[in-house]
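Student: Position in the sequence shown (from 1) plus 26 gives the number in this note's numbering.
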Amino acid sequence: MIRSAFRILCVCTSLVVLPVQAAEHFDPKGKAPSEHTKALQAKLRKSLPFDDRRDFEERDRGFVGDVADAAVKGAAGQVFADMTRFEFLADGDHDSLHPSLQRQALLNAKRGLFEVVPGAIWQLRGFDLANLTLVKGDTGWIVFDVMTNADATRAAMALADQHLGKRPVVAVVYSHSHIDHFGGIRGVVDEADVKAGKVQIIAPAGFLDHAVAENVYAGTAMLRRAQYQYASALPSSPFGYVDSAIGKSGQGAAASLIAPTREISKDFEELVVDGVKLVFQNTPGTEAPAEMNTWIPQHKAFWAAENVTGTIHNIYTLRGTLIRDALAWANHINVALYRFGQEAEVMLASHNWPRWGNARIQDVMRTQRDAYANLNNQVLHLANQGVTIKQIHNRYRVPESLRQRWAAHQYHGSEFHNSRGVLNRYLGYWDGNPATLAPLSPEESAPLYVEMMGGAAVIQERARSLEAEGRYRHAAEILNKLVYAEPSNQGAKDQLADVFEQLGYQYESTSMRNVHLVAAMELRNGYVASGGSVRLASDLMRGLTTQQFWEGVAIRVDSNKADALKFTLNFLTPDNAEKFVVEMSGGTLTSLPGYQSPRPDATMTINRTDLENVIMGQTTLAEQVQKGVAKVDGNVGVLMQLASVLVNFDPQFEIMPGTRRLPAK
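(1) Would you tell me roughly how many angstroms separate the C-alpha atoms of residue 165 and residue 344, rounded to the nearest one?
(2) In the DSSP assignment, find the beta strand (DSSP E) that holds residue 432 and state where it starts and stops.
(3) Residue 433 and residue 336 look like a contact to me (Cβ under 8 Å); what is the Cβ gap, rounded to whole Å?
(4) Which value, in whole angstroms, describes the spacing of the CA atoms of residue 281 and residue 231?
(5) Any idea which residues DSSP pairs residue 321 with across the strands?
(6) Should residue 683 be labelled buried (16 or more other beta-carbon atoms within 10 Å of its own) or exposed?
(7) Look at the Cβ atom of residue 284, then the Cβ atom of residue 308, and state whether they are nearer than 8 Å.
(8) Sorted by chain position, which residues of the same chain lie with C-beta nearer than 6 Å to residue 510's C-beta, five sequence neighbours on each side aside?
(9) With DSSP as the reference, label residue 382 as helix, strand or coil.
(10) Excluding the five sequence neighbours on either side, which residues of its own chain have a C-beta within less than 7 Å of the C-beta of residue 163, listed in chain order?
(11) Please say whether residue 205 and residue 174 have beta carbons closer to each other than 8 Å?
(12) Give me, in chain order, the residues of the same chain whose beta-carbon lies closer than 6 Å to that of residue 357; leave out the 5 immediate sequence neighbours on both sides.
(13) Between the segment 101 to 118 and the segment 259 to 268, do at least 3 Cβ pairs fall closer than 8 Å?
(14) Along the chain, where does the alpha helix (DSSP H) containing residue 63 start, and where does it finish?
(15) Alpha carbon to alpha carbon, how far is residue 551 from residue 685?
(16) Whose C-beta lies closer than 8 Å to the C-beta of residue 569 among residues of the same chain, with five residues either side of it excluded?
(17) Which runs of the alpha helix (DSSP H) at least 4 residues long sit entirely within the segment 337 to 382? Give them in chain order.
(18) For the candidate residues 153, 316, 371, whose alpha-carbon lies nearest to that of residue 203?
(19) Taking the runs of the alpha helix (DSSP H) that are 4 residues or longer, which of them lie wholly in the segment 622 to 649?
(20) Given a cut-off of 8 Å, decide if residue 334 and residue 385 are closer than it, judged by their beta-carbon atoms.
(21) So what's residue 456 in DSSP terms, helix, strand or just coil?
(22) If I follow the unbroken beta strand (DSSP E) through residue 151, where does it start and stop?
(23) Tell me the DSSP bridge mates of residue 576?
(24) State yes or no: is the C-beta of residue 254 within less than 8 Å of the C-beta of residue 229?
(25) Hey, quick one: how far does the alpha helix (DSSP H) through residue 537 stretch, first residue to last?
(26) Can you tell me which residues form a DSSP beta bridge with residue 288?
(27) From the DSSP output, which residues share a beta bridge with residue 687?
(28) Indicate the three-state DSSP secondary structure (helix, strand or coil) for residue 596 in the structure shown.
(29) Can residue 436 and residue 535 be called in contact, C-beta distance under 8 Å?
(30) So, at 7 Å on beta carbons, what are the nonlocal neighbours of residue 152 in its own chain, with the 5 sequence-adjacent residues on each side left out?
(31) Tell me which residues share the same chain as residue 96 and place their Cβ nearer than 8 Å to its Cβ, disregarding the 5 neighbours each side in the sequence.
(32) Would residue 342 be called buried (16 or more neighbouring beta carbons within 10 Å of its own) or exposed?
(33) Please list the terminal residues of the continuous alpha helix (DSSP H) segment that includes residue 507.
(34) CB-CB under 6 Å to residue 48, same chain, minus the five flanking residues each way: which ones, in chain order?
(35) Specify the secondary structure class of residue 272 as computed by DSSP and reduced to three states.
(36) Given 8 Å as the limit, is there contact between the segment 580 to 598 and the segment 613 to 633, that is, 3 or more CB pairs closer than that?
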């Protein structure tokens, strides 16, 4: 999935857009790769299987054509899908880039229409983070995944129309519940046609709940962290953004959502759609909590969703999601391998490029199965010998046999954060030492460390010697303490930024690279915090259940302010016959569907259709009452009490100490 999280949410802020500079660093404070980094990259170029060029051949296979313009623009003039930003990738080896990551980034730097199965299946790649896949039916297109936004989808479909002729879309398959796979739906179909039954939308069980819930409860925090993971403010440069592991990210229109008309609920389920037989395999708990693969037997084509994409994905995602189940992931791939992989002649997915030939397909599927299974099993193998969550990332190693297979490389995930994610899934964050069970916060403990180490000058001098030795993680350990203790010490922040930058250059994972490079940029220059509230795109908001709405409101309650409040509200939405009891007590707001209090302080009645305007932030419950759209029987002051304790979250909170700058007035 990924860069999609920061685009799910509409915030009152603008991203930094810097010019592409391939020869020079984009930041005046930026540093070139050190001799230690250069030596590491040189060693990697000799140790990895760069003679294996099959991925490049498969990426280029079936190329039909591309749009005429280098940069594709959206309806509002936003530039996206501009592959000229990445021409530097083909200029030779860059020591500021892990050689394996440079290879992956170059593979993803091709845009256009590709024929996958002659006369039957095509893919549109490079227009957004995800691919759009077209399967030819008797009367129209069956579309698999629709990218993140309608602008990208329209541009891609226009290219298909140009080369293949215009055909109606008769069905859309959402492979899973991440926004880069459904957000562009309004660029493909008209909602009126869906409601009229002209277009069916097929999705795995639980799709709608998961599509919106992930972005409600921790949406603000996820947005800010995603700016680190997906490097939304870094320019495209050998020193900055190069790739998102599973494609290149673009900008475009706001994401949209049209609810599915058919959910696949069984483990395996067959449908004939416009004359094409589709066999769906539900794979919950893999890359998304609601996800499914699809087998197309008449073309011997296996659609692997985002479960097999030629890179090891995130078990723990740095932007923040529920930790995934590596063992379940491996098992679902194994089932697909034996159920469909024995016959498949082409395997394609929602990211990256297809693989052809049964032997090749089975090899990639086994490689990915083994990589996820090894991650799960070896982390637990070490944990059962006493290795803790604070040690596991330094102990777990990907087997050398897997390192020699490109499909097992961790461009999206990394063995560092994935291994900790697996251990956390089973044993939690505690390492068993009472001293770490309730630790001091960094800003509380750091001054003590700095004092005991002899002060800022001593720490910075020692850090310089560690840098000179290439011991960057050691230098980061002590400089991080100093920055927390002295957030206004710009010299310390610049020094930590230099260390983070070298680490970013060295990591193969885009996630690891990006978070280090973005942190370095913010430490050096700060970032402008524009504040504002965070709102989901309107289509996603309409997908919220009423219960999810109330749970989102409950998260916004400041318990310190609410501790003195106590009330019970009966809440009714008569147009869909829902009822809730909402209580404020103990500084906490709770809601329960299907029940009513016999003695409420107030009863509120509002149609669900009118509640949607509140959910989208266009009005408030109190304003709906004032307009007569909603009715309150009893103490209307309950609504004012609730409003008085709600917090609007700041989507630009500080991550690294001393980096937040207020906008100029």
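Virtual Cβ for every residue (Gly too), placed ideally from N, Cα, C.
Tutor: This is what the structure gives:
(1) The straight-line gap from Cα to Cα measures roughly 43 Å.
(2) Unbroken run through residue 432: none, as it is neither H nor E.
(3) A Cβ-Cβ separation of about 5 Å places residue 433 in contact with residue 336 under the 8 Å criterion.
(4) Spanning the two alpha carbons is a distance of roughly 21 Å.
(5) In the DSSP output, where bridge partners are listed per residue, residue 321 has 305, 328.
(6) Only buried fits residue 683, as 16 or more other CB atoms lie within 10 angstroms of its CB.
(7) Against a cut-off of 8 Å, the Cβ pair of residue 308 and residue 284 comes out as no contact.
(8) Once the five neighbours on either side are set aside, the close Cβ partners of residue 510 are 468, 469, 472, 683.
(9) The DSSP-derived three-state label of residue 382 is strand.
(10) Excluding positions up to five away in sequence, the list reads 196, 299, 300, 301, 302.
(11) Their beta carbons are under 8 Å apart, which means residue 174 touches residue 205 by this criterion.
(12) Closer than 6 Å at Cβ, skipping near neighbours: no residue.
(13) Yes, the segment 101 to 118 is in contact with the segment 259 to 268.
(14) Looking at the DSSP string, the run of the alpha helix (DSSP H) that includes residue 63 is 61 to 73.
(15) Cα to Cα, residue 551 sits roughly 7 Å from residue 685.
(16) If we look at residue 569 and ignore the five residues flanking it on each side, its Cβ neighbours are 234, 237, 238, 283, 285.
(17) List check, alpha helix (DSSP H) in window: 352 to 365.
(18) For residue 203, the closest alpha carbon among the candidates 153, 316, 371 is that of 316.
(19) DSSP runs (the alpha helix (DSSP H)) wholly in the segment 622 to 649: 634 to 641.
(20) Their beta carbons are not under 8 Å apart, which means residue 385 does not touch residue 334 by this criterion.
(21) In this structure, residue 456 counts as coil in the three-state DSSP scheme.
(22) Element bounds for residue 151: 147 to 151.
(23) The partner list for residue 576 (beta bridge, DSSP) is empty, contrary to what the question assumes.
(24) No, the Cβ-Cβ distance between residue 254 and residue 229 is not below 8 Å.
(25) Looking at the DSSP string, the run of the alpha helix (DSSP H) that includes residue 537 is 536 to 551.
(26) In DSSP, residue 288 forms a bridge with 228.
(27) Answer by DSSP bridge pairing, in chain order: 554.
(28) Three-state DSSP puts residue 596 in a strand.
(29) It is a contact, given that the beta carbons lie within the stated cut-off.
(30) The beta carbon of residue 152 sits closer than 7 Å to the beta carbons of 107, 109, 136, 137, 138, 274 from its chain, once the five residues preceding and following it are set aside; these are given in chain order.
(31) For residue 96, same chain residues with a beta-carbon under 8 Å away, outside a window of 5 residues either side, are 108, 109, 110 in chain order.
(32) Within a 10 Å sphere around the beta-carbon of residue 342 sit 16 or more other beta-carbons, which makes this residue buried.
(33) DSSP places residue 507 inside the alpha helix (DSSP H), whose first and last residues are 498 to 511.
(34) Bear in mind that the predicted position of residue 48 carries a pLDDT of just 46, short of 50, making it too unreliable to give a figure here.
(35) Coil.
(36) Yes, since at least three Cβ pairs between the segment 580 to 598 and the segment 613 to 633 fall closer than 8 Å, the two stretches touch.
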